Amino acid sequence: MAFIGTVIGIAIGLPLSMLAARNLNSKFVYAPTRALLAIIRTFPSILWALLFVIMVGLGPYAGVLAIVMYTIGFVTKLQYESIETIDSDPMDAVSSIGVSKFQLIRYVVLPESASHLLGQILYMFDYNVRQTSILGIVGAGGIGFYIINYIKFFEYGNAAVFMIVVLITVLIIDWISVKIRDKYIVKSQYGMNVKIK
944 MAFIGTVIGI
954 AIGLPLSMLA
964 ARNLNSKFVY
974 APTRALLAII
984 RTFPSILWAL
994 LFVIMVGLGP
1004 YAGVLAIVMY
1014 TIGFVTKLQY
1024 ESIETIDSDP
1034 MDAVSSIGVS
1044 KFQLIRYVVL
1054 PESASHLLGQ
1064 ILYMFDYNVR
1074 QTSILGIVGA
1084 GGIGFYIINY
1094 IKFFEYGNAA
1104 VFMIVVLITV
1114 LIIDWISVKI
1124 RDKYIVKSQY
1134 GMNVKIK
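If you read the sequence shown in the numbering used here, its first letter stands for residue 944, the second for the next number, and so on.
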């Protein structure tokens, strides 16, 4: 549930972050996009879960939709702020040769902001894994659904097993994220490959 929600949220949020960046668009584009994202970001994931439980019923589908919405709001803000910190010199140089907006994003914006995006994805996945244990409280499925049910029937041993599974999963994700960061190649603002060690 956390993985699917994170992937879909990133896939939707990344294009929205491009629209929300002030250094890529006019005020008529980024202002309404930011307003929409602010509305999405206003609601925590548990409120999104409650809304989707009402709309689509109990189960993991409501949980996935809640995670998608929260991921869109959170990651998009971080990413468009990251895009706005990109050095304007490479962007101006590429724009001066008449490239399209798509080419500018592909060859300058994405490489320059890739390391930030990777960190945001890893953090968001880690957060969403932990959130699945909370979303079960409102009937949005996931591992939290089982934890709550076991607690209701005083089966604390079984509930503890699932909580340990969540803890181990988070620790594994943290370990994997460290390994990925260590091996990830960052494109510097001058187009050089720099390995983080």
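Glycine included, C-beta positions come from ideal geometry on N, C-alpha and C.
Treat the numbers as computed from the prediction; the structure is a model and nothing was measured.
Just mark ALA978 as buried or exposed, buried being the case when its beta carbon has 16 or more other beta carbons within 10 Å. The residue in question, ALA978, is exposed, as its Cβ has fewer than 16 Cβ neighbours within 10 Å.
Status (buried if at least 16 other CB within 10 Å, exposed otherwise) for ALA1036: With fewer than 16 other Cβ atoms within 10 Å, it is exposed.
Can you tell me whether ASN966 is helix, strand or coil according to DSSP? ASN966: coil per DSSP, three-state reduction.
What distance in whole Å lies between the Cβ atoms of GLY948 and ILE1010, which are believed to be in contact at a cut-off of 8 Å? About 3 Å separates the beta carbons of ILE1010 and GLY948, which is inside the 8 Å limit, making them a contact pair.
Between the C-alpha atoms of VAL1018 and TYR1070, what's the straight-line distance to the nearest angstrom? Taking the CA atoms as reference points, VAL1018 sits about 12 Å from TYR1070.
Residue burial classification, PHE971 (beta-carbon count within 10 angstroms, cutoff 16): Label assigned to PHE971: exposed.
Sequence-distant residues of its chain with Cβ nearer than 7 Å to LEU980 (five each side left out): Excluding sequence neighbours, LEU980 sits near LEU959, ALA963, GLY1016, THR1019 and LYS1020.
What does a CB cutoff of less than 8 Å around ILE1064 pick up in its chain, not counting 5 residues either side in sequence? Same-chain partners within the cutoff: THR949, ILE953 and VAL1018.
Length of the line joining the Cα atoms of ILE955 and ILE1094: Near 36 Å, if we compare the C-alpha coordinates of ILE1094 and ILE955.
Is the beta carbon of PHE1105 sitting closer than 7 Å to the one on ILE1090? Result yes, Cβ atoms of PHE1105 and ILE1090 sit closer than 7 Å.
So what does DSSP say about VAL1137, is it helix, strand or coil? Confidence at VAL1137 is low in this model, with a pLDDT of 40, below 50, so the placement of that residue is unreliable and no value is reported for it.
Report the rounded CA-to-CA distance for THR1053 versus VAL1108, giving the unit in angstroms. Reading off the sequence, residue 1053 comes out as Leu, not Thr. If you draw a straight line from the Cα of LEU1053 to the Cα of VAL1108, it is about 35 Å long.
For the putative contact between ILE1026 and LEU967, defined by C-beta atoms under 8 Å, what is the C-beta separation to the nearest angstrom? Rounded to whole angstroms, the Cβ separation of ILE1026 and LEU967 is 7 Å, and the two are in contact under 8 Å.
CB-CB under 8 Å to ILE1029, same chain, minus the five flanking residues each way: which ones, in chain order? Excluding residues within five positions, the ones whose Cβ falls inside 8 Å are ASN966, VAL1051, VAL1052, GLU1055, SER1056 and GLN1132.
Does the separation of the CB atoms of PRO1003 and GLY1085 fall below 7 Å? Contact annotation: PRO1003 and GLY1085 have beta-carbon atoms nearer than 7 Å.
In the DSSP assignment, find the alpha helix (DSSP H) that holds GLY1016 and state where it starts and stops. Judged by DSSP secondary structure, GLY1016 falls within the alpha helix (DSSP H) whose first and last residues are 1003-1027.
What does a CB cutoff of less than 7 Å around GLY1087 pick up in its chain, not counting 5 residues either side in sequence? Excluding residues within five positions, the ones whose Cβ falls inside 7 Å are THR1075, SER1076, ILE1077, LEU1078, GLY1079 and ILE1080.
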